[in-house]
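Sequential numbering from 31 applies to the sequence shown in the numbering used here. A virtual CB, placed ideally from N, CA and C, is assigned to each residue, including glycine. Treat the numbers as computed from the prediction; the structure is a model and nothing was measured. A short write-up of the structure that comes next.
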Amino acid sequence: MSKAEANPPHDEPTVHIRSAEACDLEEFRRLRLRALRDHPEAFESDYETHFGRGTEVWKDCLVLDASDALFVGEDTRGRLVGMAGVHFGGSPKSRHRALIWGVYVAPEWRRPGLAVQLLNRACDWARAAGATMAHLGVATVNEPAIQLYKRLGFQICAAEPMRLRVSGVYYDEHLMVKRFD
């Protein structure tokens, strides 16, 4: 981690929440790999697998259609410091449900408000796109995230035992939902 990552400038506390763009490729790759490396129990995707992926695969993450959105938090230096994605499945039977994925805020930028802004933006987009609910998965050991999601109106509706295995350790996962109606 660079010194800039470890110590955000105090005179530049502003983070702008916006939709990801194709030009965000390198910054998105950097932030996503950091999330996967530092918190392997929080993501189904794997750092080692993603690290070696070529540019085209990363571009695919940023070239979204009407059923996907990716929101990022960008600091005043142009660095991405947070993200939250939204995905709708392809079936008309499940089109009312939006999956919130990839929620991450760099530790040095975790403060009240940034994750809330990202999640609210993702949920607002999902609602405007026709969703009546959002759902997400969160490791049962990630109490700060669980509490954040609860404050935003998500409720635990199920648990999946042994959802992920990281370095021989199993992690259970809560499924959480938020209704928009």
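- With the rule of 3 Cβ pairs closer than 8 Å, the segment 110-126 does not count as touching the segment 169-186.
- The three-state secondary structure of residue 80, taken from DSSP, is helix.
- For residue 87, there is no enclosing beta strand (DSSP E); the residue is part of the alpha helix (DSSP H) that begins and ends at 85-92.
- Scanning its chain for C-beta atoms nearer than 6 Å, with the 5 sequence neighbours on each side dropped, one finds around residue 184 the residues 206, 208, in chain order.
- Ranking 47, 170, 198 by CA distance to the CA of residue 104 puts 47 first.
- By the beta-carbon neighbour count (other beta carbons within 10 angstroms, threshold 16), residue 73 is buried.
- Counting every other CB atom within 10 Å of its CB across the protein chains shown gives residue 134 a total of 16 or more, marking it as buried.
- Remark: C-beta atoms of residue 112 and residue 148 approach each other more closely than 9 Å.
- Cβ contact annotation for residue 59 (same chain, cutoff 6 Å, sequence separation greater than five): 88, in chain order.
- Nearest in C-alpha terms to residue 174, of all of 109, 77, 146, 61, is 146.
- Within the same chain, Cβ atoms closer than 8 Å to the Cβ of residue 197 are found at 70, the five residues on either side in sequence being excluded.
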